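For the sequence shown, counting from 1, position 176 maps to 176 in UniProt numbering; every step adds exactly one. Ideal Cβ placement from N, Cα and C applies to all residues, glycine included. From a predicted model like this one, the values you see are computed outputs, not experimental measurements.
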Amino acid sequence: MQLIDLPVEIHLSIARLLHARDFISLMCISRHLQNVLDRELFRRATVCITSPLHFRRPRSVLHLAAHHDSVNLAEIALDKGIPISQDDPFKRSALCVAASSGSVKVARFLIEHGAEITPSNPKTESPVFSAAKAHEAAVLQLLIDAGGDVSKPCECDRFNQTPLLVALSSDISLFHPSRKLNDTICTLLRAGVDPQVGKPFSPLAKALERPTHDLDVVKLLLGAGARLQDEELDYNLKRVMERSHMPTVKTLVDSGTNIGRMFTHALRAAEPRIVRYLMGVYPEFEESDEIKSRALEVAVRHGRVGTARALISAGAKAEAVFNENGKRVSLVRLATEVSSMEMVKLLLASGFECEPNLCREVIIGGLPKRRKIRH
């Protein structure tokens, strides 16, 4: 008796066997049973396969074929009637899985057989979005050539980000060095993505938040015309100065970023070498004694001894300033109020004057308790 003539209960028992727990078992079972099972039973049996790599949630054979870049298995799945645009429990189509896995061959096969480039349901993840998030530039280029929209935000993303922003937000290239963020950004920019469009952050702001070894991405965006928005400029400049990464600072200066605002944040947060560099490229600094005096006052208020030393070497002077109580005091007195003995020694050694009774107060009572400085 032919296997096809057995009762349906036997067929369903065989179908349950097809719920393989790994890809090798699936391939072996499919190879032995694909020609004897009824077409509909095969489709019903293989429409949901358990995958240990995805928390044992059911996924179709087509999704597994996309994940492992197996064109042969994808052909079998389509021949047996598995829908090409069926979503898995994560609301991703097989083409999305191919895009995020870098399965170029299966992605090309699915596109040629009519897979949706733009999902009919806007709440599901698009293949372009998946490829950008996974930094899979080859599949991304394939989707773009097939008509994929690289500018449309993804509604399934909680921040409603564009493919460019989600690529900049993804850290997958840190764990998979073969996936290059630079290639992904270049692919998107060549496709005509606007480097200024992005909510709630601009693409350049996202790029500046990435590790410093991704500086080439910042240069790519600046070269394409990206600039920081006014409302996010101060926050991002502060973060850049806290890192004190000289190549990043030089890149921003060369791109025409406001040097005055960069210098202001550098006084509070950057290392002295960054301050010295900005002093050299800030024309108004050399021409204005007032800017030098204010800069030295800021350095003293924030206890930045190295910065104060660099400013004093550049000729900065400030005879008297106002403390937090609105009283006019000397810089040395201000240094004692922020509890910086090293700063006091620097100012005295540099010839700055102080109140006659200040030394006696410090010797007797010591420096006051350190107060938190507001940035």
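Restricting to Cα atoms, I'd like to know which of Ala270, Glu232 and Glu231 is closest to Val249.
Within the sequence shown, the letter at position 249 stands for residue 249. Measuring from the Cα of Val249, the nearest candidate turns out to be Ala270.
Take Leu311 as the anchor and find which of Val329, Glu286, Ala335 and Leu334 has the nearest alpha-carbon.
Along the sequence shown, read from residue 1 onward, the residue named residue 311 stands at position 311. The shortest Cα separation from Leu311 among Val329, Glu286, Ala335 and Leu334 belongs to Glu286.
Taking all protein chains shown into account, do 16 or more other C-beta atoms lie within 10 angstroms of the C-beta of Arg273, making it buried, or fewer, making it exposed?
In the sequence shown, counting from the first residue as 1, residue 273 sits at position 273. With fewer than 16 other Cβ atoms within 10 Å, it is exposed.
Around the Cβ of His113, are there at least 16 other Cβ atoms within 10 angstroms (buried) or fewer (exposed)?
On the sequence shown, position 113 is the one that residue 113 refers to. His113 should be labelled exposed.
Arg158 to Leu140, Cα distance in whole Å?
In the sequence shown, the residue the question calls residue 158 occupies position 158. In the sequence shown, the residue the question calls residue 140 occupies position 140. Looking at the two C-alpha atoms, the distance is approximately 22 Å.
Could you spell out where the alpha helix (DSSP H) holding Phe90 opens and where it closes?
As a position in the sequence shown, residue 90 is number 90, starting the count at 1. No alpha helix (DSSP H) contains Phe90, which DSSP labels as neither H nor E.
Please classify His67 as buried or exposed, where buried requires at least 16 neighbouring CB atoms within 10 angstroms.
Numbered from 1 along the sequence shown, position 67 holds the residue referred to as residue 67. The residue is buried, with at least 16 neighbouring Cβ atoms inside 10 Å.
When we look at the beta-carbon of Thr336 and count the other beta-carbons within 10 Å, is it buried (16 or more) or exposed?
Your numbering for residue 336 matches position 336 in the sequence shown. Thr336 comes out buried.
Can you pull the DSSP bridge partners for Val329?
For this step, residue 329 is matched to residue 329 along the sequence shown. For Val329, which the question treats as bridged, DSSP gives the partners Val321.
I think Ala167 touches Leu189, with their Cβ atoms under 8 Å apart; what is that distance to the nearest whole Å?
The residue given as residue 167 occupies position 167 in the sequence shown. The residue given as residue 189 occupies position 189 in the sequence shown. With 8 Å as the limit, Ala167 and Leu189 do not qualify as a contact, their Cβ atoms being about 11 Å apart.
Alpha carbon to alpha carbon, how far is Phe129 from Lys219? Give it in angstroms, no decimals.
Along the sequence shown, read from residue 1 onward, the residue named residue 219 stands at position 219. Along the sequence shown, read from residue 1 onward, the residue named residue 129 stands at position 129. Their Cα atoms are separated by approximately 23 Å.
So for His213, helix, strand or coil by DSSP?
Here residue 213 refers to the residue found at position 213 when the sequence shown is read from its first residue. In the structure shown, His213 sits in a helix (DSSP, three-state: H, G or I).
Using the C-alpha atoms, what's the distance from Pro211 back to His245?
As a first step, residue 245 must be located in the sequence shown, where it is residue number 245. As a first step, residue 211 must be located in the sequence shown, where it is residue number 211. For His245 and Pro211, the distance between alpha carbons rounds to 10 Å.
So, under 8 Å CB-CB, Val298 and Leu267 are touching, yes? Tell me the CB distance rounded to an integer number of Å.
The residue labelled residue 298 in the question sits at position 298 within the sequence shown. The residue labelled residue 267 in the question sits at position 267 within the sequence shown. Indeed, because the Cβ distance is near 5 Å, the residues count as touching under 8 Å.
With Ile307 as the anchor, note down where its alpha helix (DSSP H) starts and where it stops.
Here residue 307 refers to the residue found at position 307 when the sequence shown is read from its first residue. Strictly speaking, residue 307 in this sequence is Thr, with Ile absent from that position. Start and end: Val305 to Ser313.
Are the CB atoms of Leu296 and Ala316 nearer to each other than 7 Å?
Against the sequence shown, residue 296 aligns to sequence position 296. Against the sequence shown, residue 316 aligns to sequence position 316. Cβ atoms of Leu296 and Ala316: closer than 7 Å.
Just to confirm the assignment, what range does the alpha helix (DSSP H) spanning Asn160 have?
Within the sequence shown, residue 160 is the residue found at index 160, counting from 1. Neither: Asn160 is in no alpha helix (DSSP H) and is coded neither H nor E.
Could you have a look at Leu278 and say whether DSSP puts it in helix, strand or coil?
Taking the sequence shown and counting its residues from 1, the one referred to as residue 278 is at position 278. Leu278 falls in the helix class under three-state DSSP.
Give, in chain order, every unbroken run of the beta strand (DSSP E) that is at least 3 residues long and sits entirely within the region 233-273.
Counting only runs of 3 or more, we get nothing.
Taking the alpha helix (DSSP H) that Thr184 belongs to, which residues open and close that run?
In the sequence shown, residue 184 corresponds to position 184, counting from 1. Run containing Thr184: Leu181 to Arg190, per the alpha helix (DSSP H) assignment.
Indicate the three-state DSSP secondary structure (helix, strand or coil) for Phe201 in the structure shown.
Along the sequence shown, read from residue 1 onward, the residue named residue 201 stands at position 201. In this structure, Phe201 counts as coil in the three-state DSSP scheme.
To the nearest angstrom, how far is it from the Cα of Thr187 to the Cα of Gly256?
In the sequence shown, counting from the first residue as 1, residue 187 sits at position 187. In the sequence shown, counting from the first residue as 1, residue 256 sits at position 256. In a straight line, the C-alpha of Thr187 is about 25 Å away from that of Gly256.
Closest by CA to Leu95, which one among Pro177, Ile117 and Lys206?
Position 95 of the sequence shown, counted from the first residue, corresponds to residue 95. Ranking Pro177, Ile117 and Lys206 by Cα distance to Leu95 puts Ile117 first.
According to the neighbour-count rule (16 or more other Cβ atoms, all chains shown, within 10 Å of its Cβ), is residue 384 buried or exposed?
Because the chain here runs from 1 to 375, residue 384 falls outside it and cannot be looked at.
Does the Cβ-Cβ distance between Val217 and Ala207 come in under 7 Å?
Numbered from its first residue, the sequence shown carries residue 217 at position 217. Numbered from its first residue, the sequence shown carries residue 207 at position 207. Taking 7 Å as the Cβ cut-off, Val217 and Ala207 qualify as a contacting pair.
Does DSSP put Thr118 in a helix, a strand or coil?
Residue mapping note: residue 118 aligns to position 118 of the sequence shown, counting from 1. Of the three classes helix, strand and coil, the one that applies to Thr118 here is coil, per DSSP.
For Ala205 and Leu143, what's the separation of their Cα atoms in angstroms?
Locating residue 205 in the sequence shown gives position 205, counting from the first residue. Locating residue 143 in the sequence shown gives position 143, counting from the first residue. Cα-Cα distance, rounded: 27 Å.
Let me make sure I understand the geometry here. Which of Leu222, Glu209, Leu165 and Asp214 has the alpha-carbon closest to that of Thr198?
The residue you call residue 198 lines up with position 198 of the sequence shown. As written in the sequence, residue 198 is Gly, which differs from the Thr given in the question. For the residues Leu222, Glu209, Leu165 and Asp214, the minimum Cα distance to Gly198 belongs to Leu165.
When burial is assigned at 16 or more other CB atoms within 10 Å of the CB, is Asp214 buried or exposed?
For this step, residue 214 is matched to residue 214 along the sequence shown. Under this definition Asp214 is a buried residue.
In three-state DSSP terms, what is His67?
On the sequence shown, residue 67 is found 67 positions in, with the first residue counted as 1. Three-state result, His67: helix.
With distances taken between CB atoms, is the gap from Ser100 to Ser93 smaller than 7 Å?
As a first step, residue 100 is located in the sequence shown; it is residue number 100 there, counting from the start. As a first step, residue 93 is located in the sequence shown; it is residue number 93 there, counting from the start. No, Cβ-Cβ distance for Ser100 and Ser93 is not below 7 Å.
Would you mind reading off the limits of the alpha helix (DSSP H) that contains Ala299?
Looking up residue 299 in the sequence shown gives position 299. Segment Asp289 to Arg301, the alpha helix (DSSP H) holding Ala299.
Go ahead and label Glu284 buried or exposed: buried means 16 or more other beta carbons lie within 10 angstroms of its beta carbon, across all protein chains shown.
Counting from 1 along the sequence shown, the entry for residue 284 is found at position 284. Exposed, by the Cβ-count rule.
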